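Structure first, commentary second.
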Ligand SMILES: CC(C)(COP(=O)(O)OP(=O)(O)OC[C@H]1O[C@@H](n2cnc3c(N)ncnc32)[C@H](O)[C@@H]1OP(=O)(O)O)[C@@H](O)C(=O)NCCC(=O)NCCS
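Numbering (the numbering used here), first residue to last: 1 to 187.
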């Protein structure tokens, strides 16, 4: 899976990405609401190695893509597609951007490309995101690409030794089709 947009290329994580991946994923602002947080560069190296072993659309796995600034080939973020094992044709999405590239519409551009791939390329039925209700940037992003709030689970996740709420945003294939025909461009 390689996707290109106006400013971005989404492709595989490379071994040489480990230090950059570590730097932004270990940043407290980026990792605050995330389940995975590397403590050392070696954790990022192991993460990339594990990604190489995963093929897209394998039930029960996260398929991880690099988000690169296409003009310079620089790694600026990553997006994960979780092919849920016990929910037919459902994909969970997760996205992280290096702080220097946030609030510039880049996550929106990347996510629209991924939604196009998942719905138009893989013909999935439902896409969802699980987000901490305090993660305003993420909620704004998911709402901005056309996902709607489906559920709010109170204190359903254990994060850093504390109970955290979990909010689910989702979109169905037919909603994507209606939404993207109304959109002048998908990014
Ligand atoms: C979630 C994340 C990828 C969003 O990236 P982003 O750079 O804000 O995305 P975009 O620039 O495409 O902006 C999307 C919208 O959110 C808005 N936004 C950005 N930061 C915001 C904030 N702190 N509070 C409220 N809205 C915000 C933008 O203005 C934009 O709104 P608009 O379309 O009305 O202009 C980024 O904040 C991030 O990497 N966070 C850390 C990792 C993380 O928590 N990931 C989610 C795990 S589920």
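We put the CB at the ideal spot given by N, CA and C, even for glycine.
Quick caveat, the model's predicted, so the values are computed rather than measured.
Exercise. Go through the residues and name those whose CB comes closer than 6 Å to any heavy atom of ligand 1, in chain order.
Key: In chain order, the qualifying residues are 30, 33, 34, 94, 95, 96, 97, 102, 103, 104, 105, 106, 107, 108, 129, 131, 135, 136, 137, 138, 140, 141 and 144.
Quiz item: Since residue 153 sits in a beta bridge, which residues does DSSP pair it with?
Solution: What you label residue 153 is simply residue 153 of the chain shown in a count that begins at 1. 166, per the DSSP bridge assignment.
Quiz item: So, helix, strand or coil for residue 58, using DSSP?
Solution: By one-based count along the chain shown, residue 58 stands at place 58. Note: residue 58 maps to coil in three-state DSSP.
Self-check item: alpha helix (DSSP H) segment containing residue 97, residue limits
Solution: Here the question's residue 97 lines up with position 97 in the chain shown. First-last for residue 97: 90-97, but that is the beta strand (DSSP E), not the alpha helix (DSSP H).
Self-check item: Nearest-angstrom Cα separation, counted from residue 102 out to residue 94
Solution: Reading the chain shown from its first residue, position 94 is the one you call residue 94. Reading the chain shown from its first residue, position 102 is the one you call residue 102. Answer to the nearest angstrom: the Cα atoms are 15 Å apart.
Quiz item: Can we say the stretch 63-70 touches the stretch 23-41, given the rule of at least three CB pairs closer than 8 Å?
Solution: At 8 Å Cβ cutoff, the stretches do not touch.
Quiz item: How would you call residue 65, buried or exposed, if buried means at least 16 neighbouring beta carbons within 10 angstroms?
Solution: Counted from its first residue, the chain shown places residue 65 at position 65. When all chains shown are included, residue 65 counts as buried.
Exercise. Could you pull out every unbroken beta strand (DSSP E) segment of at least 3 residues lying fully inside the stretch 70-135, listed in chain order?
Key: Runs of the beta strand (DSSP E) spanning 3 or more residues and lying entirely within the stretch 70-135 occur at 74-83, 90-97 and 126-131, in chain order.
Quiz item: Is DSSP giving residue 25 helix, strand or coil here?
Solution: The sequence position of residue 25 within the chain shown is 25, counting from 1. If DSSP states are grouped into helix, strand and coil, residue 25 belongs with the helices.
Practice problem: In the DSSP assignment, find the alpha helix (DSSP H) that holds residue 45 and state where it starts and stops. | Solution: Numbered from 1 along the chain shown, position 45 holds the residue referred to as residue 45. Start and end: 41-52.
Quiz item: Beta carbon of residue 22, beta carbon of residue 44: below 7 Å?
Solution: Taking the chain shown and counting its residues from 1, one reaches residue 22 at position 22. Taking the chain shown and counting its residues from 1, one reaches residue 44 at position 44. Closer than 7 Å, so yes.
Quiz item: Secondary structure at residue 160, three-state DSSP: helix, strand or coil?
Solution: Residue numbering aside, residue 160 sits at position 160 when the chain shown is read from its first letter. DSSP places residue 160 in coil when its eight states are reduced to three.
Quiz item: Considering only residues of the same chain and omitting the five flanking positions on each side of residue 125, which have a CB-CB separation below 8 Å?
Solution: Taking the first residue of the chain shown as position 1, residue 125 is located at position 125. Excluding residues up to 5 positions away in sequence, 88, 89, 90, 172 and 173 lie with their Cβ nearer than 8 Å to the Cβ of residue 125 in the same chain.
Quiz item: In angstroms, rounded to a whole number, what distance separates the CA positions of residue 138 and residue 108?
Solution: Residue 138 sits at position 138 when you count from the first residue of the chain shown. Residue 108 sits at position 108 when you count from the first residue of the chain shown. Going by the C-alpha atoms only, they are around 10 Å apart.
Quiz item: Between which two residues does the beta strand (DSSP E) containing residue 9 stretch?
Solution: Within the chain shown, the letter at position 9 stands for residue 9. Where residue 9 is concerned, the enclosing beta strand (DSSP E) stretches over 8-11.
Quiz prompt | residue 64 in three-state terms, based on DSSP | solution = By one-based count along the chain shown, residue 64 stands at place 64. Residue 64 falls in the strand class under three-state DSSP.
Self-check item: Pairwise C-alpha distance: residue 160 and residue 25
Solution: As a position in the chain shown, residue 25 is number 25, starting the count at 1. As a position in the chain shown, residue 160 is number 160, starting the count at 1. Straight-line Cα distance between these residues: approximately 16 Å.
Quiz item: Which residues in the same chain as residue 80 place their Cβ atom closer than 6 Å to its Cβ, once the five residues preceding and following it in sequence are excluded?
Solution: Start at 1 with the first residue of the chain shown, and residue 80 comes out as number 80. These residues qualify, in order along the chain: 62, 64 and 94.
Quiz prompt | Beta-carbon spacing of residue 56, residue 85 below 7 Å | solution = By one-based count along the chain shown, residue 56 stands at place 56. By one-based count along the chain shown, residue 85 stands at place 85. Contact check for residue 56 against residue 85 fails: the beta carbons are separated by 7 Å or more.
Quiz item: So, are the CB atoms of residue 3 and residue 113 less than 7 Å apart?
Solution: Position 3 of the chain shown holds residue 3. Position 113 of the chain shown holds residue 113. The answer is yes: Cβ separation under 7 Å.
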